[in-house]
Amino acid sequence: MGTFYHEMQVFSATGDRSETVDALVDTGASYSQVPGSILQRLGIFPTDTAEAELADGRVVEDPIAEVRVEINGRATFTWVTFGPESVSPLLGAHALEGVRMAVNPVGLRLLPARILRMRHSS
């Protein structure tokens, strides 16, 4: 699968301000990642930490917060890690599921997706 970037709007803690980031779509990442300086500028500060396993196998402790994001006009609250300035923002699987979007790996774009649920038995 190829890689591509997509805009993600990140909202302030009060919801009155936002910043748009061009995020690498990464379905292998559980949570999205935004540079910590952007989150702090929006009044968002870590509320917890989570262990994260990096692609090279190392395990690190990431500060996280629940943040409101919007993708293609669809909004959700999702966990976001506070990333370093040197790393590109990531759009992870948790946020994609929250806004009901799926990756089209051939067209390198996001598409609306249906939710999956258990069949209702009669």
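Each position in the sequence shown, counted from 1, maps to that position plus 934 in the working numbering.
Every residue gets a Cβ at the ideal spot worked out from N, C-alpha and C, and that includes glycine.
As the structure is a computational prediction, the values presented were derived from the model and not from experiment.
Please report the distance separating the alpha-carbon of residue i from that of residue j.
i: L1045; j: Y965; result: 19 Å
i: V1033; j: L1024; result: 15 Å
i: T1010; j: H1028; result: 10 Å
i: A1131; j: V994; result: Lying before the first or after the last residue shown, residue 1131 is absent from the chain, which here runs from 935 to 1056.
Ends of the alpha helix (DSSP H) at residue i?
i: L1030; result: 1027-1032
For residue i, which residues does DSSP report across the bridge?
i: L1046; result: Note that residue 1046 is Pro in the sequence shown here, rather than Leu. In DSSP, P1046 forms a bridge with M1035.
i: G1017; result: P969
i: P997; result: T983
i: M942; result: V955
Closest by CA to residue i, which one among the options?
i: P1018; options: Q967, A963, S952, T961; result: Q967
i: L973; options: D956, I998, A986, T961; result: I998
i: A947; options: V994, R1048, V1003; result: V1003
i: T954; options: G962, I1005, E1000; result: I1005
State yes or no: is the C-beta of residue i nearer than 7 Å to some heavy atom of the ligand FAD?
i: R975; result: The ligand FAD is not part of the structure shown, which contains no ligands of any sort.
Kindly indicate the opening and closing residues of the beta strand (DSSP E) around residue i.
i: V1040; result: It is not in any beta strand (DSSP E) - V1040 carries neither H nor E in the DSSP assignment.
Exercise. Indicate whether the contact test is met: 3 or more Cβ pairs, each with one atom in the stretch 941-956 and one in the stretch 990-998, closer than 8 Å.
Key: no
Practice problem: Examine the Cβ distances between the stretch 1034-1044 and the stretch 973-983 and report whether three or more of them are shorter than 8 Å. | Solution: no
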